[in-house]
Structure formats: C-alpha cells, structure tokens
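**Q** Take a look at the following structure, please.
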Amino acid sequence: MAFDTIQQAALVVRKVEDTTHEGQPARAVVASRDYATGIDDLWNAITDKARIPRWFAPVEGDLTLGGKYQIKGNAGGTVTACEPPRSFALTWEFGGGTSWVEVGLAEAGDGGTRLTLRHIAPLDDKSEEFWDRFGPGAVGVGWDLSLLGLAWHLETGEAVKERFAEETWPLSDEGKAFATSSSDAWTAASIAYGTAADAANRAGADTTAFYTGGAAPQ
C-alpha cells in the first residue's frame, strides 16, 4: 500500500490549550496520534540515539534524566523527566528562547500505541509576538513532519531520508501539499482554541508560506 502523506496528516489530533509551567501561565500546542506498534518499540524509536536519526535528526549528548542534549541544526536543552517507557520531558532551547516539550506514550487499540506531544511556551512578549504572526502552526507543522517521519520509519523500517530527502522533498508538490494540509489543520485548532478566525487565518497563511518556500519567521 502506498504511503499517503495527506492521509498520514489526517491521523494527527491537534489542539491548543492554556496551561502553566512552574506556576507561570503558558500555552501548549498538543499533537497526538496512534502508531501500529507496541509501547516498547515506540519508546525505543524515540529515545535511542542510534535510532532517532532514522526518522528525526542526529542527537548528541546524554539522553538520561538530567542529561544535556543537542539536536543537529536545531534545539538543545536538558532532560527534566524520564519514566520509561511512558514519558519524558525536556527543555527546548533555541534562538535565545526556552520552551518545554513533554512526550507521553499509552497503549491504544489493537496493540498500538498513542503518542502525545505537548510543546509548551511561556506567555512572554517574544512568544506572544511569534504566536500573533504564526499561531500554533510554526511549531505544529514542524512536529507534524517529525510524526510523519516516525510513521514512515515504523512502517517500513527504513530511514526517513530514503523517502523524504531533506534537500528536495519539502518543496516538492507532495511536500508542499503536506505542509499546507498540516498548517490548515493547525489553523482550525487555533480557531477552536478561541483565536479570532481572521487572525488565525492570517497566521496560518504566514505559516504555510514559510513551510512552502515563502517568508521566514523573524
């Protein structure tokens, strides 16, 4: 069966919610989806340094509790919680800012496993400016791409680069269609959260433009 990326995008449940972090107000972008594999295999796929690059990006450092990590060309931080094979949390330090990522696994139907990812940002001026311009899709589409790569790896056993070449796929017709579908879904999640439709749609358009070769976030 062909690996349909638009169908894969539709398997993700997306929402935005108000929360707190260390007693301070924050906002979480939440993505969850089921994978047709057991919890131990999924835990291994998302935590083993030798396996992570097959669907995500190379990671250096110590992935145990309290360890420091660095994703190649992306964020770094500290592992702040780890309860195998159920959950982990870490700081996400990038571009001079800090946010937080929490990942949880739970058994789903038919022997599968549900992965839920929460990316939490503080409600400070920098984060709010970024939210007003791009909404939840700025990080949401990026995580959707990661969840897509994970799905490909789990289904085929192959490395993501065998199907989604970083140099060409994002700006291919298929890549642009996936990013647009993902961005539209995050726009809908933003409206459901309570963002005014015109503001959510403007932010969604900027997010789509960024991921399909348009303007870059500042």
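Per our numbering, residue 360 is the first one in the sequence shown, and the count goes up by one each step.
The beta-carbon is built from N, C-alpha and C at its ideal position, and this holds for glycine as well.
Which parts of the stretch 406-485 are runs of the beta strand (DSSP E), unbroken and 3 residues or longer, counting only runs that do not cross its ends?
**A** 418-420, 427-430, 435-442, 446-453, 456-466, 472-481
**Q** Would you tell me roughly how many angstroms separate the C-alpha atoms of Ala558 and Thr546, rounded to the nearest one?
**A** Approximately 10 Å, taken between the alpha carbons.
**Q** Can you tell which of Arg522, Ile550, Arg561, Trp459 has the C-alpha that lies nearest to the C-alpha of Pro384?
**A** Between Pro384 and the set Arg522, Ile550, Arg561, Trp459, the nearest pair of CA atoms involves Trp459.
**Q** Kindly indicate which residue of Arg561, Asp565, Gly534, Val372 has the alpha-carbon position closest to the one of Asp363.
**A** Here the closest residue by C-alpha is Gly534.
**Q** Under the rule that 16 or more other beta-carbon atoms within 10 Å means buried, what is Asp377, buried or exposed?
**A** exposed
**Q** Alpha helix (DSSP H) containing Thr364: first to last residue?
**A** 364-369
**Q** So does the stretch 502-518 actually touch the stretch 404-423, counting three or more Cβ pairs closer than 8 Å?
**A** yes
**Q** If I follow the unbroken alpha helix (DSSP H) through Ala556, where does it start and stop?
**A** Note, Ala556: alpha helix (DSSP H), 556-570.
**Q** May I ask you to list the residues that DSSP assigns as paired with Thr396?
**A** Thr396 is not bridged to any residue.
**Q** Among Val519, Gly494, Leu424, Glu526, which residue has its Cα nearest to the Cα of Gly563?
**A** Gly494
**Q** Hey, Gly455 and Val438: beta-carbon distance below 8 Å or not?
**A** no
**Q** From Thr571 to Leu506, what does the alpha carbon distance come to, in whole angstroms?
**A** A direct Cα-to-Cα measurement between Thr571 and Leu506 gives close to 18 Å.
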